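Participant:
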Amino acid sequence: MGYFRLARRNAWRKPLRTVLLMLCVAIAFLIHGLTASFEQGNMAAGSASDDVLGVASAAGRGQSLPMAHLSRLAAEPGIAAVSWMTRLRGYAVRESNIVAISAVDPATMVQVSGTELGLTPVLMAALATGRDRVLVGRTLAEVQGWRVGQRITVTVPATPNKEGSRDWRFEIAGIFEGASPASDTHFVIARYDYVNALRTRGTDRVEAFVLRPAPGIKAADLARQIDALFANSAAPTRTQSEKQFLQAFMRQYADVGLIIDLVVGAAFVTLLMIVINTQMLAVRERRFEIGVLKTLGFSQGRLLALVLGETLFIFLTGGLAGLALAKLATVMIGPGLGLVLPVQTLGVALVLILGLGLATGLIPAIRAMRIPVTAAFRTR
Amino acid sequence: MTTTPDLTPWITLQGVRKGFRIGTETVPVFSGLDLTIPRGDFVAIMGPSGSGKSTLLNMLAGIDSPDGGTLQIGGARLDSMGESARSAWRAHNMGIVFQFYNLLPMLTAAENVELPLLLKPIAAGDRRARVEKVLELVGLAGRGRQYPALMSGGQQQRVGIARAIVTDPALLLCDEPTGDLDRKSADDVLDMLRFLNRELGKTIVMVTHDPQAATHARRTLHLDKGQFVEERKAA
Ligand SMILES: Nc1ncnc2c1ncn2[C@@H]1O[C@H](COP(=O)(O)OP(=O)(O)OP(=O)(O)O)[C@@H](O)[C@H]1O
Ligand SMILES: [Mg+2]
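So the sequence lines, in the order shown, correspond to chains A and B.
In short: position in the first sequence from 1, add 505, done, that's the working numbering.
In short: position in the second sequence from 1, add 24, done, that's the working numbering.
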């Protein structure tokens with residue numbers, strides 16, 4: 506029976522209480538794990554560049570811009586390269602199995618954000634071998650189990666094609682990796698010319714222009730300059746950095762990310778208060794025994810470690826259970842929702858478990874440490 | 025191989041003063057207490073309630089410290105040690121037996137006995153072996169896995185004694201070790217203490233209200249109003 510065992514024994518004295526505490530911790534970390542994997546899968550804007558600007562309709566998401574804006578953009582000073590894209594939101598086989606397709610102009614897209622997406626010359630050459638060729642991001646390909654050369658069908662409810670069907674057929678020409686592991690690769694890159702020629706709605710319109718400022722040009726200044734250019738046109742624009750653009754684009758409703766962070770934060774704060782309160786109570790209940798341990802020669806440091814160990818045990822058990830559930834969820838239902846829970850995120854969560862465990866255990870542990878030794882003889 | 029105490033003082037109290045503050049006043053318990061106990065002695069301390077018996081034990085255990093005077097055990101000056109030094113000293117040099125056993129309810133008998141060993145650098149296997157040995161010594165061989173709540177008072181006190189001696193300390197302090205036991209269990213416990221003193225050479229200081237208990241000791245001291253008023257040698 507080592508120290509940790511003793512702490513564990515203490516924790517199991519009131520099994521219901523301990524299980525409830527562990528459940529609290531587990532739920533908090535399940536929420537954390539799910540939201541982290543959601544952000545990982547859907548909002549991988551972390552690696553997005555601040556040097557790339559996205560020009561979308563000022564009328565809001567879902568609104569498009571006329572292709573005609575391109576010539577005015579091209580004539581604008583301070584722009585190194587400009588490209589355009591439109592998106593198809595569809596699903597493969599099952600409706601819950603969502604697949605996002607970005608239809609881009611390959612030649613110009615490579616100039617604007619080829620590095621960020623990891624578009625190699627080999628990939629570009631593969632994309633050029635046919636109008637229906639697509640590149641699939643690494644995470645999406647893994648989740649779907651797609652291979653190079655495979656023919657895929659994506660059903661796009663909002664956009665029927667000229668074959669009179671909502672089923673869009675593509676052939677996978679390559680897998681793109683993104684610039685770093687944190688890059689968002691949960692989508693398909695298709696060719697704008699193919700999609701534009703085949704669609705029955707929104708022909709010759711784009712969802713966004715993306716552009717790279719010329720060297721020495723401040724992105725923020727250029728954004729203001731562009732929005733001013735189209736302010737009085739039929740289709741005013743809203744220009745943001747790619748990061749902001751991606752974030753705004755990915756968040757389907759309101760500011761989901763902020764709401765999520767608030768919810769998770771509130772869950773953690775509540776958790777901290779519940780656990781601190783309960784452990785304070787546990788320490789008070791055991792005043793007598795702690796006094797006995799002190800009489801046996803247990804030093805203040807050891808008692809501190811004992812109570813800390815108990816809280817850590819509760820956090821580790823609950824937290825790991827919560828993360829395991831989150832991981833299970835991402836594996837079982839995750840692909841459809843774009844949930845990804847990579848090892849790094851789990852590592853961060855583990856650090857969080859230990860940190861919160863120590864933080865919550867400390868106050869009760871110091872309380873236990875300060876219980877005077879003579880109390881052992883007076884409590885009865 | 026019955027041991028007899030040598031007569032050189034091992035525990036020495038000189039002019040020990042101790043009082044408790046109640047509000048603004050200090051109520052004195054001892055104002056100049058002298059006491060010497062040689063190694064290997066078995067002393068019973070008797071006296072009316074409130075005479076300071078527990079207070080004396082607390083000071084001997086290093087749980088409480090004197091307000092003045094000197095308290096020395098085996099060359100160590102307990103009165104000048106800080107709290108953490110005293111707690112380390114306690115862990116290595118003495119065992120304490122309580123009236124109400126003070127076993128931890130969530131631990132088995134064996135785990136309770138093992139507790140003091142956690143404070144020492146002893147491997148888990150050796151710890152278990154020592155626990156087995158002392159449980160056997162107190163007549164509880166094979167009972168290690170039982171929880172204290174399921175044991176009789178006499179058995180619990182024997183677990184308490186096993187816990188007190190598992191680190192093989194030279195000094196045992198007992199505060200009314202039989203106060204909560206029936207006659208039969210009390211006699212068993214007293215026989216055990218006598219065995220520990222006579223056969224294993226433990227020095228024992230035992231506070232008791234029970235004249236019968238006192239007869240097991242080598243001598244009895246009577247404490248009244250903070251002074252030893254009478255000494256009676258056992259036959
Ligand atoms: N922590 C304390 N605070 C205030 N007074 C105390 C404290 N501990 C002991 N006393 C007082 O000191 C005196 C001696 O107490 P002590 O417990 O040593 O007596 P005792 O001989 O052990 O009595 P009993 O036989 O009832 O156990 C008593 O008057 C008691 O009220
Ligand atoms: Mg007493």
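All C-beta atoms, glycine included, are put in the ideal place defined by N, C-alpha and C.
Quick caveat, the model's predicted, so the values are computed rather than measured.
Which residues, in chain order, does the region 126 to 139 of chain B contribute to contact with chain A at a C-beta distance below 8 Å?
Facilitator: Correct list: 126, 128, 129, 130, 131, 135, 138, 139.
Participant: According to DSSP, what are the bridge partners of residue 715 of chain A?
Facilitator: The partner list for residue 715 of chain A (beta bridge, DSSP) reads A:559, A:588.
Participant: List the residues of chain A whose Cβ lies closer than 7 Å to the Cβ of residue 114 of chain B, in chain order.
Facilitator: Simply 802.
Participant: Shorter than 6 Å, the distance from the beta carbon of residue 108 of chain B to the closest heavy atom of ligand 2, or not?
Facilitator: The answer is no for residue 108 of chain B.
Participant: What's the C-alpha gap between residue 91 of chain B and residue 67 of chain B?
Facilitator: C-alpha separation (whole angstroms): 24 Å.
Participant: Spell out whether any CB of chain A is found under 7 Å from the CB atom of residue 75 of chain B.
Facilitator: No, its Cβ sits nowhere closer than 7 Å to a Cβ of chain A.
Participant: Would you tell me roughly how many angstroms separate the C-alpha atoms of residue 600 of chain A and residue 681 of chain A, rounded to the nearest one?
Facilitator: Taking the straight line joining both Cα atoms gives about 25 Å.
Participant: Tell me, please, which residues DSSP counts as bridged to residue 198 of chain B.
Facilitator: Answer is B:121, B:230.
Participant: Which of helix, strand or coil does DSSP assign to residue 536 of chain A?
Facilitator: Three-state DSSP puts residue 536 of chain A in a helix.
Participant: With a threshold of 8 Å on Cβ separation, who are the neighbours of residue 203 of chain B within its own chain once the five nearest residues in sequence on each side are excluded?
Facilitator: Answer for residue 203 of chain B: 123, 232, 233, 234, listed in chain order.
Participant: Ordered along the chain, which non-local residues of its own chain (more than five positions away) have a Cβ less than 6 Å from that of residue 811 of chain A?
Facilitator: Hits under 6 Å: 512.
Participant: Judging by CA-CA distance, which residue of B:161, B:128, B:80 is the nearest neighbour of residue 44 of chain B?
Facilitator: Closest option to residue 44 of chain B, Cα to Cα, is B:80.
Participant: Could you check which residue in A:697, A:623, A:683 has the C-alpha nearest to that of residue 591 of chain A?
Facilitator: Checked all of A:697, A:623, A:683; the closest Cα to residue 591 of chain A is A:697.
Participant: Below 6 Å, is the gap between the Cβ of residue 78 of chain B and the nearest heavy atom of ligand 2?
Facilitator: Yes, since a heavy atom of ligand 2 falls inside the 6 Å radius drawn around the Cβ of residue 78 of chain B.
Participant: State the start and end residues of the unbroken beta strand (DSSP E) segment that holds residue 600 of chain A.
Facilitator: Residue 600 of chain A -> no beta strand (DSSP E), and no H or E assigned at all.
Participant: Counting only Cβ pairs nearer than 7 Å, list the residues of chain B close to residue 596 of chain A.
Facilitator: Within chain B, no residue comes near residue 596 of chain A; the closest Cβ sits about 54 Å away, beyond 7 Å.
Participant: Is residue 122 of chain B near ligand 1, judged by its Cβ being under 6 Å from some heavy atom?
Facilitator: No.
Participant: Tell me, to the nearest whole angstrom, how far the beta carbon of residue 710 of chain A is from that of residue 572 of chain A; I am working on the premise that it is less than 8 Å.
Facilitator: The Cβ separation is near 6 Å, so the contact holds.
Participant: Would residue 518 of chain A pass as an interface residue toward chain B - the criterion being a Cβ-Cβ separation below 7 Å?
Facilitator: With 7 Å as the cut-off, residue 518 of chain A counts as an interface residue toward chain B.
Participant: Taking only beta-carbon positions, decide if residue 120 of chain B is within less than 7 Å of chain A.
Facilitator: It does: the Cβ of residue 120 of chain B has a partner Cβ on chain A nearer than 7 Å.
Participant: Between the Cα of residue 848 of chain A and those of A:831, A:675, A:598, spot the shortest distance and give me the residue it belongs to.
Facilitator: Cα-wise, what sits closest to residue 848 of chain A is A:831.
Participant: Output needed in chain order: residues of the region 86 to 102 of chain B with a Cβ under 8 Å from some Cβ in chain A.
Facilitator: Those residues of the region 86 to 102 of chain B that come within reach of chain A (Cβ to Cβ, closer than 8 Å) are 87, 88.
Participant: What does DSSP give as the partner residues of residue 726 of chain A in its beta bridges?
Facilitator: For residue 726 of chain A, which the question treats as bridged, DSSP gives no partner whatsoever.
Participant: Can you tell which of A:862, A:708, A:794, A:714 has the C-alpha that lies nearest to the C-alpha of residue 967 of chain A?
Facilitator: In the structure as shown, chain A begins at 506 and stops at 885. Residue 967 of chain A is therefore absent and cannot be evaluated.
Participant: Verify the CB distance criterion: does residue 108 of chain B have a CB-CB separation below 7 Å to chain A?
Facilitator: By this cut-off, residue 108 of chain B is an interface position.
Participant: Check the C-beta distance from residue 851 of chain A over to residue 828 of chain A and give it rounded, since I have them as a contact under 8 Å.
Facilitator: The Cβ separation is near 6 Å, so the contact holds.
Participant: For ligand 1, any of its heavy atoms closer than 6 Å to the Cβ of residue 53 of chain B?
Facilitator: Yes, since a heavy atom of ligand 1 falls inside the 6 Å radius drawn around the Cβ of residue 53 of chain B.
Participant: Answer yes or no: does any C-beta atom of chain B fall closer than 7 Å to that of residue 884 of chain A?
Facilitator: With a pLDDT of 36 at residue 884 of chain A, under the threshold of 50, the modelled position of this residue cannot be trusted; read the value that follows with caution. Closer than 7 Å: no.
Participant: Between the region 794 to 820 of chain A and chain B, which residues of the former have a C-beta closer than 9 Å to a C-beta of the latter?
Facilitator: Result list: 794, 796, 797, 798, 799, 800, 801, 802, 803, 804, 805, 806, 807.
Participant: Looking at the strands, I want to know which residues DSSP matches up with residue 42 of chain B.
Facilitator: According to DSSP, residue 42 of chain B bridges with B:54.
Participant: In whole angstroms, give me the CA-to-CA distance for residue 22 of chain B and residue 509 of chain A.
Facilitator: Any answer about residue 22 of chain B is impossible in this case: the structure gives chain B only from 25 up to 259.
Participant: Beta-carbon separation of residue 197 of chain B and residue 85 of chain B under 7 Å?
Facilitator: Cβ atoms of residue 197 of chain B and residue 85 of chain B: closer than 7 Å.
Participant: Round the Cβ separation of residue 194 of chain B and residue 98 of chain B to the nearest angstrom and send it over; I've been treating them as touching at under 8 Å.
Facilitator: Their Cβ separation, rounded to whole angstroms, is 7 Å, which keeps residue 194 of chain B and residue 98 of chain B in contact under 8 Å.
Participant: Check whether the Cβ of residue 44 of chain B sits closer than 6 Å to any heavy atom of ligand 1, and report yes or no.
Facilitator: It does: the Cβ of residue 44 of chain B is within 6 Å (strictly closer) of some heavy atom of ligand 1.
Participant: Mind pulling the beta strand (DSSP E) runs of 3 or more residues that sit fully within the region 611 to 642 of chain A?
Facilitator: You should have 638 to 642.
Participant: Does any C-beta atom of chain A lie closer than 7 Å to the C-beta of residue 197 of chain B?
Facilitator: For residue 197 of chain B, the answer is no, since every Cβ of chain A falls outside 7 Å of its Cβ.
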